[in-house]
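Novice: Here it is: the structure, laid out below.
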Amino acid sequence: MGQNFEEVRESADILIVGGGIAGLTAAVSAKEKNPDAEIIVVEKQTAGYGGKANKGGGVLQYFDLEHMKPEEFLQYHVHAVGCYLGDQDVMKKYVAMNNEMIDRLAGWGVTVPQVKIPTGPMTFMFGIDLDSTLKMAAKARKLGVKIFDKVPVSDLLTDNGKIAGAVGYSILDGTFYVFEAKAVIMATGSQNYRVSEMWSCGRGDGIAAAYRAGAEMRNTEFGNFGQLFRKESLHEVVFGENNMYNRLGENVTKNFRRFPEADISATALREWYDQMSQGKGPIYLHQPPRPDDGGFDKIWPRPYGGPFWKEQRREEEGKDKDMEVIPGLVGEQSPVRVDIDMKTSIEGLYAAGDVCYCGSGGPGAVPAPPGRNRGSGILNAVFNGIVGGESAAEYVKSAEKRTLNEEQIAKLKEDAYAPLNREEGIDPVDVIDLIQDVMCPVENSIIMSKHRLDICMRKIAKAKEMVKELKADDLHGMLSCHEAEAMVLCCEMQMRASMMRKESRGWFLREDYPMMDNDNWLKWIIVKNEDGEMTLHTEDVPIESYDVQPLKF
Amino acid sequence: MLHTRHKIEYDPTNCVGCKLCYKACFIDVIRWDEEKKQPIFKYVNECAHCNYCMASCKKGCITVVPDYSSQSYRQSFDMYR
Ligand SMILES: Cc1cc2nc3c(=O)[nH]c(=O)nc-3n(C[C@H](O)[C@H](O)[C@H](O)COP(=O)(O)OP(=O)(O)OC[C@H]3O[C@@H](n4cnc5c(N)ncnc54)[C@H](O)[C@@H]3O)c2cc1C
């Protein structure tokens, strides 16, 4: 049946997978650097409308680089947030490019307000409107970038170990696409397991495609971002860590957040679990009233996002009378390993944005974004997009044309359509349900132990078996099958790396190894697909070569 | 967020067929009927009530009605409540 779908072949110098803020920034930056390069963006939904940059607060981090040096922020970040596990050069480069990035965004048509609000001793924030991705999509089109919507990429093509393009299919009519390219930039966002609504477009199929092609993954254990949500309306709570009260009226998280900058720590979620276990729950939030994003409109006029935030406020109004809060998994696994130029471990393959935030090593021992670094999600995507777009644009100038391997294409096509061709099989929702069962409870992904991780591994083994039998009724279902498969893979990478890391560091908490262990665990865990087998090994963080070292007492 | 019971109410009276609701959906809940020039709310049980379709519609044709009881963050303490 799959074989009957029409096949279309396209070729470009650079193929960008994902039309969110990272992919569009990469497209525009690559075109500006190398106007002769032919560039295609292929997007699973609709470029400029898809992704997450238009679903949130639009808050961007700002550094006053006239009065502070990137090295000063690095000092704070490495000690308080990254906990020595970061690639400090990447973080320094991100901070140093801050003002340039904002100027370039403005040059591309994004409205950047002048007023910045301090968020700590070294950082400020400001809010952009939610139409930034639309502006970027318009800019990309104007520069001659070709965009394909409603075409998820299912796998990458290789030619003698180098990237050669990608394959995908239209979810509207099933057309099979073969994209030949000298360079591919993955900008497909993070893995969020379809749990938290606003983050639910992050389903990890881009991560899975990169993994299958042989790209290395790093920091997969930091895909456990969670935050507090109000129990009734399930709306997220920001900056609430210090104000958690148990059933006895005790403030159980006093001074968890000591100053405005470092927000959302895993310890507040752990405390929820501890209190609930002791029978002292439920947990309520007694928070002084503060302006929400809507309130910020008085400071930063944002007409496009206005109706969107108004709907959010209408929805939650009056719902949370007693303000009970529960943790919710967001996920944000972003493990594709890239170097400081956004190159992955496969020649010609680059990555940008949420697909590789932790994989870049930049944020250190935190899931990201925001990685306790508010306003760094969109900006990190812009940072990666500029750097990755320009690196790829440079690379394709001298890279030779690729040869497509027809056997590889035929096999990947068969794999892609397999769920549609099965007469009977398993609903992808059943697989995702099992994976959520593993990922969601705080005691599995936030405060872990060997015993509980063992149980998770057994469930994952079952999910892996189910994946072989996935069945789709239509093309939408076929995409769900691929996403379900990616969730199983990402969950396995997360849990196996979590088993391996026998310490607690930053956001990563093990009940059975509660201390940070700089003697044995200043190491990255690298996950890789070797001939179909998932392998894990460690690599020393080159801490001696970095600016900041752990404190010695 | 699996198989929710959120509803999307659609009143075609003022719809101008601009396609913005279809484009706004980031998870393929909304499809487009090219003949009728109207949205098809094809996979509503996957709606994440992000409200972007509703906020994008300049003519007020769409209302998203969330049913929070159909969502859960699946903490294990839920079962002891
Ligand atoms: C509710 C919320 C609030 C937020 N608030 C802020 C904030 O105030 N400030 C901030 O800086 N950050 C914020 N963020 C984070 C920020 O939005 C993200 O970090 C940023 O948008 C990531 O951009 P991206 O392009 O890397 O990924 P995404 O925005 O996820 O885009 C990825 C794109 O790739 C597409 N795609 C995925 N898989 C495939 C495939 N296989 N083939 C083709 N296309 C594919 C997706 O459809 C999507 O369009 C928030 C996020 C959310 C959800």
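Protein chains in written order, with my numbering: chain P, 728 to 1280; chain H, 2 to 82. Ideal Cβ placement from N, Cα and C applies to all residues, glycine included.
Quick one: is Val-1156/P near chain H, going by C-beta distance under 8 angstroms?
Specialist: yes
Novice: Let me check understanding here. Comparing Cα to Cα, which of Phe-1023/P, Leu-961/P and Pro-1062/P lies closest to Phe-949/P?
Specialist: Pro-1062/P
Novice: Give the range of the beta strand (DSSP E) segment to which Arg-1041/P is assigned.
Specialist: Note, Arg-1041/P: premise wrong, no beta strand (DSSP E); alpha helix (DSSP H) at 1033-1043.
Novice: Does the Cβ of Met-728/P have 16 or more other Cβ atoms within 10 Å, making it buried, or fewer, making it exposed?
Specialist: With a pLDDT of 48 at Met-728/P, under the threshold of 50, the modelled position of that residue is not reliable, and no figure is offered here.
Novice: Is there a Cβ from chain P that is less than 8 angstroms from the Cβ of Phe-78/H?
Specialist: yes
Novice: Just the C-alpha distance for Ile-1159/P and Ser-1272/P, rounded to the nearest angstrom, thanks.
Specialist: The alpha-carbon atoms of Ile-1159/P and Ser-1272/P are separated by roughly 42 angstroms.
Novice: Using the Cβ count rule (16 or more neighbours within 10 Å means buried), how would you classify Pro-1090/P?
Specialist: buried
Novice: Could one say the Cβ of Tyr-776/P lies closer than 8 angstroms to chain H's Cβ atoms, at least one of them?
Specialist: yes
Novice: Pull out every residue of the segment 759-784 of chain P whose Cβ sits closer than 9 angstroms to any Cβ of chain H, in chain order.
Specialist: For the segment 759-784 of chain P, which is checked against every Cβ of chain H, the residues closer than 9 angstroms are Lys-771, Gln-772, Thr-773, Gly-775, Tyr-776, Gly-777, Gly-778, Lys-779, Asn-781 and Lys-782.
Novice: Tell me whether Gln-1005/P is buried or exposed, calling it buried when 16 or more other Cβ atoms sit within 10 Å of its Cβ.
Specialist: exposed
Novice: Can you find the residues in the same chain that come closer than 6 angstroms, C-beta to C-beta, to His-4/H, ignoring five residues on each side of it along the sequence?
Specialist: Asn-46
Novice: Taking Cβ-Cβ distances shorter than 7 angstroms, what residues in chain H pair up with Ser-1125/P?
Specialist: Per Cβ cutoff of 7 angstroms: no residues; Ser-1125/P is ~37 angstroms from chain H at best.
Novice: Return the CA-CA distance between Gly-1075/P and Glu-1127/P, expressed in angstroms with no decimal places.
Specialist: 11 angstroms
Novice: Taking its Cβ as the centre, do 16 or more other Cβ atoms sit within 10 Å of Gly-18/H, making it buried, or is it exposed?
Specialist: exposed
Novice: Could you name the residues of chain P that Cys-51/H contacts, counting a contact when the two beta carbons are closer than 7 angstroms?
Specialist: Lys-782, Glu-924 and Met-925
Novice: Arg-1101/P to Asn-1132/P, Cα distance in whole Å?
Specialist: The alpha-carbon atoms of Arg-1101/P and Asn-1132/P are separated by roughly 44 angstroms.
Novice: By alpha-carbon positions, which one of Gly-901/P, Met-863/P, Phe-903/P and Glu-1038/P ends up nearest to Val-872/P?
Specialist: Met-863/P
Novice: Can you list, in chain order, the residues of its chain with a C-beta nearer than 6 angstroms to that of Glu-906/P? Leave out the 5 residues immediately preceding and following it.
Specialist: The sequence given here has Phe at residue 906/P, not Glu. Within the same chain, Phe-906/P has close Cβ partners Glu-737, Leu-742, Gly-892 and Ala-893.
Novice: DSSP has Trp-33/H in a bridge; who is on the other side?
Specialist: According to DSSP, Trp-33/H bridges with Pro-40/H.
Novice: Using a Cβ-Cβ distance under 8 angstroms, would Ile-28/H count as near chain P?
Specialist: yes
Novice: Verify whether the separation of the beta carbon atoms of Cys-54/H and Cys-26/H is less than 8 angstroms.
Specialist: yes
Novice: To test your reading of the DSSP string, which unbroken alpha helix (DSSP H) runs of 4 or more residues are found completely within the segment 771-823 of chain P?
Specialist: 797-804 and 815-823
Novice: Please classify Arg-1040/P as buried or exposed, where buried requires at least 16 other C-beta atoms within 10 Å of its C-beta.
Specialist: exposed
Novice: Going by the C-beta, is Ala-739/P closer than 7 angstroms to any heavy atom of ligand 1?
Specialist: no
Novice: If contacts are defined as beta-carbon pairs under 8 angstroms, then Gly-745/P and Gly-933/P qualify, I think. What distance do you get, rounded to the angstrom?
Specialist: Yes, they are in contact, since the Cβ atoms of Gly-745/P and Gly-933/P sit about 6 angstroms apart, within 8 angstroms.
Novice: Who does Gln-918/P pair with in a DSSP beta bridge?
Specialist: Arg-930/P and Gln-1060/P
Novice: Bridge partners of Lys-1255/P, per DSSP?
Specialist: Thr-1262/P
Novice: Report yes or no: do three or more beta-carbon pairs, one from the segment 1115-1123 of chain P and one from the segment 848-863 of chain P, lie closer than 8 angstroms?
Specialist: no
Novice: Does Met-728/P have its Cβ less than 8 angstroms from a Cβ in chain H?
Specialist: For Met-728/P, the predicted model reports a pLDDT of 48, less than 50, meaning its position is unreliable and no value from the coordinates is stated.
Novice: Would you call Pro-1028/P buried or exposed, if buried means 16 or more other Cβ atoms sit within 10 Å of its Cβ?
Specialist: exposed
Novice: Mind checking whether the beta-carbon of Gln-772/P lies closer than 7 angstroms to any heavy atom of ligand 1?
Specialist: Yes - ligand 1 has a heavy atom lying nearer than 7 angstroms to the Cβ of Gln-772/P.
Novice: Please confirm whether Ala-1281/P and Ala-914/P have their CB atoms less than 8 angstroms apart.
Specialist: Given a span of 728 to 1280 for chain P in the structure shown, any question on residue 1281/P remains unanswerable.
Novice: For ligand 1, is there any heavy atom lying closer than 7 angstroms to the beta carbon of Cys-26/H?
Specialist: For Cys-26/H, the shortest separation between its Cβ and any heavy atom of ligand 1 does not lie below 7 angstroms.
Novice: By Cβ distance, which residues of its chain are closer than 7 angstroms to Cys-928/P, with the 5 residues on each side in sequence left out?
Specialist: Gly-777, Gly-778, Lys-779 and Gly-916
Novice: Which residues in chain P sit within 7 angstroms of Tyr-69/H, going by Cβ to Cβ distance?
Specialist: Glu-959, Ser-960 and Leu-961
Novice: Check each candidate in Val-755/P, Ile-767/P and Leu-801/P and name the one with the smallest Cα separation from Gly-836/P.
Specialist: Val-755/P
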